[in-house]
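> Numbering (numbering that gives the first Met the number 0), first residue to last: 0 to 221.
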Amino acid sequence: MSMLTPPGMGGKYRIKGDRYPRMRRPRGRRRLILGTVAGLAAAGLLGWGTLQLVDVFSGDGTPASASDSDSRACATPAAAKNGAPSSASPPLKGATAPKPKSITVNVLNATERSGLAQSTADELEKRGFKVGKVGNAPGSLDKKVKAEGLLLAAPGAENTTRLKVLGTQLEGADTKYDDRDGDEVDLVLGDGFKKLTPQKDAKDALAALSGTVPAASASPRC
Numbered sequence: 000m001s002m003l004t005p006p007g008m009g010g011k012y013r014i015k016g017d018r019y020p021r022m023r024r025p026r027g028r029r030r031l032i033l034g035t036v037a038g039l040a041a042a043g044l045l046g047w048g049t050l051q052l053v054d055v056f057s058g059d060g061t062p063a064s065a066s067d068s069d070s071r072a073c074a075t076p077a078a079a080k081n082g083a084p085s086s087a088s089p090p091l092k093g094a095t096a097p098k099p100k101s102i103t104v105n106v107l108n109a110t111e112r113s114g115l116a117q118s119t120a121d122e123l124e125k126r127g128f129k130v131g132k133v134g135n136a137p138g139s140l141d142k143k144v145k146a147e148g149l150l151l152a153a154p155g156a157e158n159t160t161r162l163k164v165l166g167t168q169l170e171g172a173d174t175k176y177d178d179r180d181g182d183e184v185d186l187v188l189g190d191g192f193k194k195l196t197p198q199k200d201a202k203d204a205l206a207a208l209s210g211t212v213p214a215a216s217a218s219p220r221c
């Protein structure tokens with residue numbers, strides 16, 4: 000008998016040399032573990048299927064189509080639909096934008112560049128505006144306008160709309176009101192002036208201000 004065998008034990012439990020009996024795990028526990036894993040997997044699949052059904056039948060009851068995705072991707076901002084840059088003035092509310100031919104514009108030069116007022120007045124006239132006085136700015140403004148331009152008019156809702164229309168021709172011009180009388184407006188050219196807004200862009204901005212959409216931009220393509 001081996002010295003490792005306790006007294007009174009023998010037979011198949013007898014330990015000989017360096018060999019020991021192998022203990023096997025009960026088969027019932029293994030089956031229980033496999034059953035638990037299978038149950039969890041089935042529950043996961045059932046939950047995923049439920050979520051898919053909820054997604055399909057929620058809303059209008061039909062899954063989203065590829066055309067719906069394309070239409071959402073092709074959504075056009077309001078400014079682009081109007082054919083105007085994002086910085087353009089919003090459409091007038093409760094008032095109709097006057098036609099350029101009904102607006103008398105005095106073009107005044109506040110810079111040291113000669114001939115600037117006359118060339119600008121000629122261009123405004125080509126665009127449909129009625130030109131009034133053309134000359135140098137008064138002493139209070141001469142060489143004191145650093146921006147591209149300054150729009151001046153008497154206070155009042157009608158003159159405000161006139162300045163908005165004129166502002167489509169020179170984006171970035173400042174706007175002020177003075178104590179004058181009448182409905183004439185001034186365009187004072189400043190040191191930052193280079194040229195009027197390109198005619199096409201000005202036309203689109205004017206259409207956006209009037210709440211109309213140019214034909215070329217009525218049906219944008221994605």
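All residues carry an ideal CB built from backbone N, CA and C; glycine is no exception.
(1) Do the segment 184-196 and the segment 108-122 touch if we need at least three Cβ pairs shorter than 8 Å?
(2) Mind checking whether L205 and T167 have CB atoms under 7 Å apart?
(3) Just confirm the distance between the C-beta atoms of V130 and V104, as a whole number of angstroms; I'd bet it's less than 8 Å.
(4) Could you give the residue range of the alpha helix (DSSP H) that holds G134?
(5) Rounded to whole angstroms, what is the Cα-Cα separation between V106 and G181?
(6) Where does the unbroken beta strand (DSSP E) through V104 begin, and where does it stop?
(7) Cα-Cα, which of N135, S139, R112, P97 is closest to K194?
(8) Within the continuous beta strand (DSSP E) that includes T174, where are the two ends?
(9) Put A201 into one of helix, strand or coil per three-state DSSP.
(10) Taking all protein chains shown into account, decide if T95 is buried (16 or more other Cβ within 10 angstroms of its Cβ) or exposed.
(11) Of the residues K100, R126, G134, T110, which one's Cα is nearest the Cα of A201?
(12) How many angstroms separate the CA atom of G114 from the CA atom of S209?
(13) Could you give the first and the last residue of the continuous beta strand (DSSP E) run that contains D185?
(14) Under 7 Å between the Cβ atoms of L162 and L150?
(15) Within 10 angstroms of its Cβ, does G148 collect 16 or more other Cβ (buried), or is it exposed?
(16) Buried or exposed for P154, going by 16 or more other Cβ atoms inside 10 Å?
(17) Under the DSSP definition of a beta bridge, which residues are partnered with A152?
(18) Is it true that the CB of V144 sits closer than 7 Å to the CB of A109?
(19) Based on Cα-Cα distance, which residue from K100, A152, E124 lies nearest to R179?
For this structure:
(1) Yes: the two stretches touch, three or more of their Cβ pairs being nearer than 8 Å.
(2) Translated into the one-based positions of the sequence shown, residue 205 becomes position 206. Translated into the one-based positions of the sequence shown, residue 167 becomes position 168. Yes, the Cβ-Cβ distance between L205 and T167 is below 7 Å.
(3) By 1-based counting over the sequence shown, the position of residue 130 is 131. By 1-based counting over the sequence shown, the position of residue 104 is 105. About 6 Å; that satisfies the 8 Å criterion.
(4) In the sequence shown, counting from the first residue as 1, residue 134 sits at position 135. Counting along the chain, G134 sits inside no alpha helix (DSSP H); it lies in the beta strand (DSSP E) bounded by residues 129-135.
(5) Position 107 of the sequence shown, counted from the first residue, corresponds to residue 106. Position 182 of the sequence shown, counted from the first residue, corresponds to residue 181. If I take the Cα positions, the gap works out to 16 Å.
(6) For the purposes of this step, residue 104 is identified with residue 105 of the sequence shown, where counting begins at 1. Boundaries of the beta strand (DSSP E) around V104: 103-108.
(7) In the sequence shown, the residue the question calls residue 194 occupies position 195. Across the set N135, S139, R112, P97, the C-alpha of R112 shows the shortest separation from the C-alpha of K194.
(8) For the purposes of this step, residue 174 is identified with residue 175 of the sequence shown, where counting begins at 1. Where T174 is concerned, the enclosing beta strand (DSSP E) stretches over 173-176.
(9) Within the sequence shown, numbered from 1, the residue matching residue 201 stands at position 202. Look at A201 here: in three-state DSSP terms it is helix.
(10) Walking along the sequence shown from the start, residue 95 turns up at place 96. Under this definition T95 is an exposed residue.
(11) Residue numbering aside, residue 201 sits at position 202 when the sequence shown is read from its first letter. If we check each option's Cα against that of A201, R126 comes out closest.
(12) For the purposes of this step, residue 114 is taken as the residue at position 115 of the sequence shown. For the purposes of this step, residue 209 is taken as the residue at position 210 of the sequence shown. Just so you know, the alpha carbons of G114 and S209 end up roughly 32 Å apart.
(13) Looking up residue 185 in the sequence shown gives position 186. Counting along the chain, the beta strand (DSSP E) containing D185 begins and ends at 184-188.
(14) On the sequence shown, position 163 is the one that residue 162 refers to. On the sequence shown, position 151 is the one that residue 150 refers to. Judged by their CB atoms, L162 and L150 are nearer to each other than the 7 Å cut-off.
(15) Residue mapping note: residue 148 aligns to position 149 of the sequence shown, counting from 1. Buried is the call here.
(16) For this step, residue 154 is matched to residue 155 along the sequence shown. Label assigned to P154: exposed.
(17) The residue given as residue 152 occupies position 153 in the sequence shown. Partner residues in the beta bridge of A152, as assigned by DSSP, are Y176.
(18) Stepping through the sequence shown from its first residue, residue 109 is reached at position 110. Stepping through the sequence shown from its first residue, residue 144 is reached at position 145. Going by C-beta atoms, A109 is nearer than 7 Å to V144.
(19) Position 180 of the sequence shown, counting from 1, holds the residue named residue 179. Ranking K100, A152, E124 by Cα distance to R179 puts A152 first.
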